[in-house]
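There are 2 protein chains.
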Amino acid sequence: MSADTKVQILDAAESLFSEHGFGDTSLRTITSQAKVNLASVNYHFGSKKQLIQEVLQRYLTVFMPAVDDQLTHLLQKHPKPDVSQVFSCLVEPLLSLNQIRPDGTAIFVRLLGRGYSESQGHLRKYITFHYGEVLRRFVQAVHLAVPQLSPAEIFWRLHFAIGTFVFTMASSKALSEIALADYQQDVTVQGIISRLMPYISAGVGAQATETSVNPLLDIA
Amino acid sequence: MSADTKVQILDAAESLFSEHGFGDTSLRTITSQAKVNLASVNYHFGSKKQLIQEVLQRYLTVFMPAVDDQLTHLLQKHPKPDVSQVFSCLVEPLLSLNQIRPDGTAIFVRLLGRGYSESQGHLRKYITFHYGEVLRRFVQAVHLAVPQLSPAEIFWRLHFAIGTFVFTMASSKALSEIALADYQQDVTVQGIISRLMPYISAGVGAQATETSVNPLLDIA
DNA sequence: AACCAATTCAAACAATAGTTTGAAATGTAT
DNA sequence: ATACATTTCAAACTATTGTTTGAATTGGTT
Numbered sequence: 053m054s055a056d057t058k059v060q061i062l063d064a065a066e067s068l069f070s071e072h073g074f075g076d077t078s079l080r081t082i083t084s085q086a087k088v089n090l091a092s093v094n095y096h097f098g099s100k101k102q103l104i105q106e107v108l109q110r111y112l113t114v115f116m117p118a119v120d121d122q123l124t125h126l127l128q129k130h131p132k133p134d135v136s137q138v139f140s141c142l143v144e145p146l147l148s149l150n151q152i153r154p155d156g157t158a159i160f161v162r163l164l165g166r167g168y169s170e171s172q173g174h175l176r177k178y179i180t181f182h183y184g185e186v187l188r189r190f191v192q193a194v195h196l197a198v199p200q201l202s203p204a205e206i207f208w209r210l211h212f213a214i215g216t217f218v219f220t221m222a223s224s225k226a227l228s229e230i231a232l233a234d235y236q237q238d239v240t241v242q243g244i245i246s247r248l249m250p251y252i253s254a255g256v257g258a259q260a261t262e263t264s265v266n267p268l269l270d271i272a
Numbered sequence: 053m054s055a056d057t058k059v060q061i062l063d064a065a066e067s068l069f070s071e072h073g074f075g076d077t078s079l080r081t082i083t084s085q086a087k088v089n090l091a092s093v094n095y096h097f098g099s100k101k102q103l104i105q106e107v108l109q110r111y112l113t114v115f116m117p118a119v120d121d122q123l124t125h126l127l128q129k130h131p132k133p134d135v136s137q138v139f140s141c142l143v144e145p146l147l148s149l150n151q152i153r154p155d156g157t158a159i160f161v162r163l164l165g166r167g168y169s170e171s172q173g174h175l176r177k178y179i180t181f182h183y184g185e186v187l188r189r190f191v192q193a194v195h196l197a198v199p200q201l202s203p204a205e206i207f208w209r210l211h212f213a214i215g216t217f218v219f220t221m222a223s224s225k226a227l228s229e230i231a232l233a234d235y236q237q238d239v240t241v242q243g244i245i246s247r248l249m250p251y252i253s254a255g256v257g258a259q260a261t262e263t264s265v266n267p268l269l270d271i272a
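Top line first, the protein sequences correspond to chains S and F. Per our numbering, the very first residue in the first sequence carries number 53; after that it's consecutive. Per our numbering, the very first residue in the second sequence carries number 53; after that it's consecutive.
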C-alpha cells in the first residue's frame, strides 16, 4: 500500500518537525519512527524540502479556506468588526484541526513557528503566493477594525501578532511545563489561545505613536 | 596575538549566527570569514557550543546589569509605574549595545531570537540561572504596573511579550525589506522598537479573561 | 499464471559537520 | 641566544546528512 507509506511518513514527519524543527530532524529519524525504508522519502516526495512542504500543505489546505469562510461570515454580519472579532476568525479553524488529526492544532501552530523562524522567509513567501487572497482579506478586515491605523502600521502590528502567536506556540511545550511546575496550571492549546486573544487584540488595537523618532521620548 | 584571534572569531560568529542561525552556520564559514584557522575555534573555545555561549555572554554581561540599573531608577522615581515605563527599561540598554559594537543592538536581539527558538530552552535556562535576580525584579515591576493580573497571567503575558519581541527581531531583516518595498519605509532597529512598545504595553496591560474555559465564548 | 508497473529494500555515495592531531611557527622569559 | 609555553596550521578522523542505485518484492491486469 503506497498511500499508507506516504501517510505514515507525513505523520511521523509532522510530529518530529514540530517538536525538534526541520533542520534537526533527519530523514533516518523520520523513517524509523514511521517504520518505512529510508529511501521511500525520496521515492514518494523527491526530497526532504518537498516533504516539509507537503507536511505544511496538508494543514494549510484545510486551515486557509476555513479562515476565509470565517471572514466572510464575520463581515456580512458585522461590516465594522472589532479587532478581537477579526482575530477570532482564526480560532475555530485552528481548533478544527484537532478533528483531522490528534493534536493537530498544536502540531500545526508549532510547524508554523518553525517554518517562520527556520526557513528564512520561504514559508512566508509560500503562503503569500498560494493564499495571498485570504491574507489580503484578513488585512482588510483588520483595517476595518482599526481604521485609524495607517496601512504601514497595520503591517507591523500584524507581524507583531504573528510573532506573538508563532513564538508562543513554538515554545508552548516548554511554557506549559513551567506553568505546570510554577503555577499548577494544566495547559491546553485551547487555553493558550484563549489567553493570547486579549493580548493580541489589545496590542493590535493600541493607539499608534506613528510620528515619533526617538523611542525614549515616547515613554518618558 | 591570541586575543585578536578570539575576538575575530567572536565577531564573525555573532554576525553569522544572527543572520543564519546557530545550526546553519558552520565553523568553517566562521573561521574563513574571521580569517583564522579552523582549529582555532576548538583551541580557544573548546567547542562550538561554548562559542555560542560566549557570543551571547558578551552581550548579556552588558545588557542585564544595564536593565537592572534602569529598573532601580524607575522604581525609586515611580513606585507605581505603568506598563510602558517598565518595558522602556529595556530600550536604553538595548540601544547602548550599538556603542559597544557596530549594529550591536540588532545583532543581540536577533541572537536572542535564534537562541530562544533554536536552542530548545537552553538559552532560557541559562539566562534564568545567571540573571534570575534581574528577571525577578522585572516581573515584580510588571506586577506593580498591572496588580490586577494574577502571577500566572503575568507569566503568560511576559512570554507573549518576549515572543513578540524576539520573533520580530529575528525576522527584522525580512520585515524591513518588505516595509521598504511596500511602504517606502526605511526601517531601523530603533524604529522597530518604538513601534513595538505601544503594542507590547497594550497587550501586557490588557484586561484578563482569566476564568473562561472556551475561547470561542470569549470573543463571540 | 504470466506479465508489467509500482513499490520496497539494503547498500553505497558524496558532501558536510565538529573535532582531533602533531608538526610548524611564534612569542616570552631567563 | 636558549628554552619553554603558546598559538597557528594543514591534514586527517569520525559521524551524520540527504540522496542515489539496482536488485528484490509486491500489486494489479490480462
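Beta carbons: idealized from backbone N, C-alpha and C, even for Gly.
8 Å Cβ cutoff, F:T220 in contact with chain S: Here the question's residue 220 of chain F lines up with position 168 in the second sequence. Chain S, which has a Cβ nearer than 8 Å to the Cβ of F:T220, makes this yes.
Taking C-beta pairs closer than 9 Å, name the residues in chain F that S:H174 reaches, listed in chain order. Position 122 of the first sequence, counted from the first residue, corresponds to residue 174 of chain S. None at all; the shortest Cβ gap to chain F is about 10 Å.
Euclidean distance between Cα positions of F:L164 and S:D121: Position 112 of the second sequence, counted from the start, is the residue given in the question as residue 164 of chain F. Position 69 of the first sequence, counted from the start, is the residue given in the question as residue 121 of chain S. Roughly 37 Å separates the two Cα atoms.
Compare the C-beta of S:V59 against all C-beta atoms of chain F and say whether one is closer than 8 Å. Residue mapping note: residue 59 of chain S aligns to position 7 of the first sequence, counting from 1. No, S:V59 does not count as interfacial toward chain F.
Does the beta-carbon of F:V143, which I'm using as the reference point, lie nearer than 7 Å to any heavy atom of the ligand PLP? The model depicted lacks the ligand PLP and carries no ligand whatsoever.
Coil, strand or helix - S:D134 by DSSP: Locating residue 134 of chain S in the first sequence gives position 82, where the first residue counts as 1. Coil, per DSSP.
Cβ closer than 9 Å: which chain S residues qualify as neighbours of F:D76? The sequence position of residue 76 of chain F within the second sequence is 24, counting from 1. Those are G75, E170, Q172, listed as they occur along chain S.
CA nearest to the CA of S:L149, picked from S:A204, S:A118, S:L123: Sequence index remark: in the first sequence, residue 149 of chain S carries index 97 (1-based). Minimum Cα distance to S:L149 is reached at S:A118.
Whole-Å CB distance - F:V135 paired with F:V93, under 8 Å assumed: For the purposes of this step, residue 135 of chain F is taken as residue 83 along the second sequence, with counting starting at 1. For the purposes of this step, residue 93 of chain F is taken as residue 41 along the second sequence, with counting starting at 1. Actually they do not touch by this definition, with Cβ atoms about 43 Å apart.
Indicate the three-state DSSP secondary structure (helix, strand or coil) for F:F115 in the structure shown. Position 63 of the second sequence holds residue 115 of chain F. Three-state DSSP puts F:F115 in a helix.
Please report the residue range of the alpha helix (DSSP H) in which S:D234 lies. Within the first sequence, residue 234 of chain S is the residue found at index 182, counting from 1. It spans 224-235 - the alpha helix (DSSP H) in which S:D234 sits, taken as one unbroken run.
Taking the beta carbon of F:G73 as the centre, do at least 16 other beta carbons fall within 10 Å, making it buried, or is it exposed? Here the question's residue 73 of chain F lines up with position 21 in the second sequence. The residue in question, F:G73, is buried, as its Cβ has 16 or more Cβ neighbours within 10 Å.
Are any of the Cβ atoms in chain F nearer than 8 Å to that of S:F207? Your numbering for residue 207 of chain S matches position 155 in the first sequence. Judged by the 8 Å Cβ criterion, S:F207 is in contact with chain F.
In this structure, does DSSP put F:K87 in helix, strand or coil? On the second sequence, position 35 is the one that residue 87 of chain F refers to. The answer is coil: DSSP assigns F:K87 none of H, G, I, E or B.
Mind checking whether S:S67 and S:I159 have CB atoms under 8 Å apart? Numbered from 1 along the first sequence, position 15 holds the residue referred to as residue 67 of chain S. Numbered from 1 along the first sequence, position 107 holds the residue referred to as residue 159 of chain S. Yes, Cβ-Cβ distance for S:S67 and S:I159 is below 8 Å.
So, is the C-beta of F:H195 closer than 8 Å to a C-beta in chain S? Looking up residue 195 of chain F in the second sequence gives position 143. Closer than 8 Å: no.
Below 9 Å between beta carbons is the criterion; list the residues of the stretch 241-253 of chain S that meet it against any residue of chain F, in chain order. Q242, G243, I244, I245, S246, R247, L248, M249, P250, Y251, I252, S253
Keeping to the same chain, check which residues put their C-beta closer than 6 Å to that of F:M221; ignore five residues upstream and five downstream. Taking the first residue of the second sequence as 1, we reach residue 221 of chain F at position 169. Result list for F:M221: V161, R162, G165, in chain order.
Going by CA-CA distance only, name the one from F:L248, F:D234, F:D63, F:V194 that's closest to F:Q109. For the purposes of this step, residue 109 of chain F is identified with residue 57 of the second sequence, where counting begins at 1. Here the closest residue by C-alpha is F:D63.
Other residues of its chain near S:T113: CB distance less than 6 Å, five sequence neighbours each side excluded: In the first sequence, residue 113 of chain S corresponds to position 61, counting from 1. For S:T113, where only same-chain residues beyond five positions count, there are no Cβ hits under 6 Å.
Have a look at S:Y178 and S:I104 and give me their C-alpha separation to the nearest angstrom. Within the first sequence, the letter at position 126 stands for residue 178 of chain S. Within the first sequence, the letter at position 52 stands for residue 104 of chain S. Cα to Cα, the separation comes out at about 12 Å.
Separation of S:R176 from S:Q192, as counted between CA atoms: Within the first sequence, numbered from 1, the residue matching residue 192 of chain S stands at position 140. Within the first sequence, numbered from 1, the residue matching residue 176 of chain S stands at position 124. Computed Cα separation, rounded: 18 Å.
If you measure between the beta carbons of F:L126 and F:I245, is that distance less than 8 Å? Taking the first residue of the second sequence as 1, we reach residue 126 of chain F at position 74. Taking the first residue of the second sequence as 1, we reach residue 245 of chain F at position 193. Not closer than 8 Å, so no.
With distance defined between alpha-carbon atoms, name the residue in F:A65, F:K132, F:T124, F:H130 nearest to F:Q102. In the second sequence, the residue the question calls residue 102 of chain F occupies position 50. It is F:A65.
Hey, how far is the Cα of F:E205 from the Cα of S:L79? Taking the second sequence and counting its residues from 1, one reaches residue 205 of chain F at position 153. Taking the first sequence and counting its residues from 1, one reaches residue 79 of chain S at position 27. Going by the C-alpha atoms only, they are around 40 Å apart.
Rounded separation between S:E144 and S:F115 - CA only: Position 92 of the first sequence, counted from the start, is the residue given in the question as residue 144 of chain S. Position 63 of the first sequence, counted from the start, is the residue given in the question as residue 115 of chain S. S:E144 and S:F115: Cα-Cα distance of roughly 10 Å.
Is the CB-CB distance between S:P250 and F:A260 below 8 Å? The residue you call residue 250 of chain S lines up with position 198 of the first sequence. The residue you call residue 260 of chain F lines up with position 208 of the second sequence. Yes, these two residues count as a Cβ contact at 8 Å.
Establish whether the CB of S:Y111 and some CB of chain F are separated by less than 8 Å. Against the first sequence, residue 111 of chain S aligns to sequence position 59. So no, S:Y111 is outside the interface.
If you run the structure through DSSP and keep just helix, strand and coil, what is S:V239? Counted from its first residue, the first sequence places residue 239 of chain S at position 187. Three-state DSSP puts S:V239 in coil, outside helix and strand.
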